[in-house]
Each structure stands twice: as C-alpha cells, then as structure tokens.
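S.K.: Residue numbers for the sequence shown follow my numbering, beginning at 52 and rising by one.
Note that CB positions come from ideal geometry on N, CA and C, so glycine has one too.
The structure displayed is predicted, hence computed values, not measured ones.
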Amino acid sequence: MWWLVGMAWAEPALTGRWVIREDAATLSARHAAAVTATLDALPWAMRPLARPLITGTVNNCRTLDVALTPERLAIGCDGKPALDHVRGDAGGAVPGADGKSYRFSLTVGADALHIVFDGANGGQRIRYAAQPDGTLRVTKEIYSGYLPSAVAWTVTYAREPG
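(1) Whose C-beta lies closer than 8 Å to the C-beta of Ala-59 among residues of the same chain, with five residues either side of it excluded?
(2) Judging by CA-CA distance, which residue of Arg-113, Val-86 and Arg-123 is the nearest neighbour of Thr-106?
(3) According to DSSP, is Arg-210 helix, strand or coil?
(4) Counting only the same chain and skipping the five closest in sequence on each side, list residues whose C-beta sits under 7 Å from that of Asp-169.
(5) DSSP three-state label for Ala-144, please.
(6) Ignore the nearest five residues each way along the sequence and tell me which others in Ile-102's own chain have a CB closer than 8 Å to its CB.
(7) Can you name, in chain order, every residue of its own chain whose Cβ lies under 6 Å from the Cβ of Val-56, other than the five neighbours on each side?
(8) Considering Cα atoms alone, identify which of His-136, Thr-120, Asp-116 and Leu-157 is closest to Gly-130.
(9) Rounded to the nearest angstrom, what separates Ala-64 and Gly-185 at their Cα positions?
(10) Are there 16 or more other CB atoms within 10 angstroms of the CB of Gly-196, so buried, or fewer, so exposed?
(11) Is Ser-156 helix, strand or coil by DSSP?
(12) Measure from the alpha carbon of Val-189 to the alpha carbon of each residue in Asp-162, Ser-200 and Ala-171, then state which is nearest.
(13) Please list, in chain order, all residues of the same chain as Leu-198 whose beta carbon is under 7 Å from its beta carbon, the five residues on each side excluded.
(14) Considering Cα atoms alone, identify which of Val-206, Ser-156 and Leu-124 is closest to Ala-84.
(15) Out of Asp-135, Ala-80, Arg-72 and Asn-172, which has the shortest C-alpha to C-alpha gap to Leu-157?
Quick look at the structure:
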C-alpha cells in the first residue's frame, strides 16, 4: 500500500534550480514600474521619504533552488538558504532578514506554492507557479498598512539545464 503513496508523489514541477529569465534591463524596468505605481498612490509629500524604503524591498533572486517533498519545503536564493520549513508545522513564526518575527503560512497546490510572511506592520506574499511552457512564474507582493496598495511584480524563471 505504501508504494501507492510513493507513486502518487512524483517530483513536483517546482522542484529544481531556476535561473531568472529576464535580462537586467527588463527586470529593472519592471521593478521601477512597481515602485512608481506604489509611489503614485501616496500623497505627494510622502513620496521622497517612501521611495528608498519601497525601492529596497523590490528585488529578486538571480537563482532559486526549490526542494518540495511531502515532508519539507526548502528554498534557496542565490546559493544561500532562504527558507527551510517542515510541512507538518501549521505555520508559526519565522525570523525575517530584518530580525523581526513574521507569521508564516504555506499553501501547496498542484502547480503552485503560496507563501505568506505577515508581520505587525506588513508582510510579503509570494506565489511560485509552474507554467505550461516549463517556466516558473514568481509573483511577489509587499504590503503594509502604511501603503494604499501592495507593491507587486512578477518575474519568470527558466529551469537550469542539467
């Protein structure tokens, strides 16, 4: 009977090493558009103060390492471990790069992962979605009660050959 479970769990389409597919100019323009859209929604007097803070949050890994098993999710960013989560855990708190604690939740679908980091003043939603052409689309949103709307952008990755 256990062999049926093993057969049902094939390697997920998301598991592997992914390399950003967009060139630097396209990616930079996409980041700038996300920042500008958010700044445009703020009162004029707040924009100079908010620009460096918002700009500093809009980024992507050049490479992603995703390992998804029935027991664990591990994600690496540019060769460094970024997240290692035991899937049986019902969320809980994780430390952020800024040293603050964030509530963490993970939803795994047939072809996508949804991760939410939620803190006292905002957080981040990330969706990793396998595409029919074999690429990985990563959508990131940074949200805060201080912003009228989330800063959002999407980037496409290609599976690293080999």
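M.R.: Concretely, from the data shown:
(1) The sequence position of residue 59 within the sequence shown is 8, counting from 1. For Ala-59, the predicted structure reports a pLDDT of 41, less than 50, and the residue's modelled location is therefore unreliable. The matter cannot be settled from this model.
(2) Position 55 of the sequence shown, counting from 1, holds the residue named residue 106. Residue Val-86 is the option with its Cα nearest to Thr-106.
(3) Locating residue 210 in the sequence shown gives position 159, counting from the first residue. Arg-210: strand per DSSP, three-state reduction.
(4) Counting from 1 along the sequence shown, the entry for residue 169 is found at position 118. Only residues of its own chain outside the window of five on either side were considered, and among them Tyr-153 and Arg-154 have a CB closer than 7 Å to the CB of Asp-169, listed in chain order.
(5) The residue you call residue 144 lines up with position 93 of the sequence shown. In the structure shown, Ala-144 sits in a strand (DSSP, three-state: E or B).
(6) By one-based count along the sequence shown, residue 102 stands at place 51. Rather than Ile, the amino acid found at residue 102 in this sequence is Arg. Cβ neighbours of Arg-102 beyond the five flanking positions: Val-86 and Leu-90.
(7) Numbered from 1 along the sequence shown, position 5 holds the residue referred to as residue 56. Note that Val-56 scores a pLDDT of 38, beneath 50, so its modelled location is shaky; the value from the coordinates is reported in the next line. Excluding sequence neighbours, Val-56 sits near nothing in its chain.
(8) Residue numbering aside, residue 130 sits at position 79 when the sequence shown is read from its first letter. Out of His-136, Thr-120, Asp-116 and Leu-157, Asp-116 has the C-alpha closest to the C-alpha of Gly-130.
(9) Reading the sequence shown from its first residue, position 13 is the one you call residue 64. Reading the sequence shown from its first residue, position 134 is the one you call residue 185. Near 8 Å, if we compare the C-alpha coordinates of Gly-185 and Ala-64.
(10) Looking up residue 196 in the sequence shown gives position 145. Classification for Gly-196: exposed.
(11) Residue 156 sits at position 105 when you count from the first residue of the sequence shown. Reduced to three states, the DSSP call for Ser-156 is strand.
(12) The sequence position of residue 189 within the sequence shown is 138, counting from 1. Nearest C-alpha to Val-189 among Asp-162, Ser-200 and Ala-171: Asp-162.
(13) Working through the sequence shown from its first residue, we reach residue 198 at position 147. Spatial neighbours of Leu-198 in its own chain (CB-CB distance under 7 Å, excluding positions within 5 residues in sequence) are listed in chain order as Thr-89.
(14) Translated into positions along the sequence shown, residue 84 becomes position 33. Taking each of Val-206, Ser-156 and Leu-124 in turn and checking the Cα distance to Ala-84, the smallest one comes out for Val-206.
(15) Translated into the one-based positions of the sequence shown, residue 157 becomes position 106. The option with the nearest alpha carbon to Leu-157 is Asp-135.
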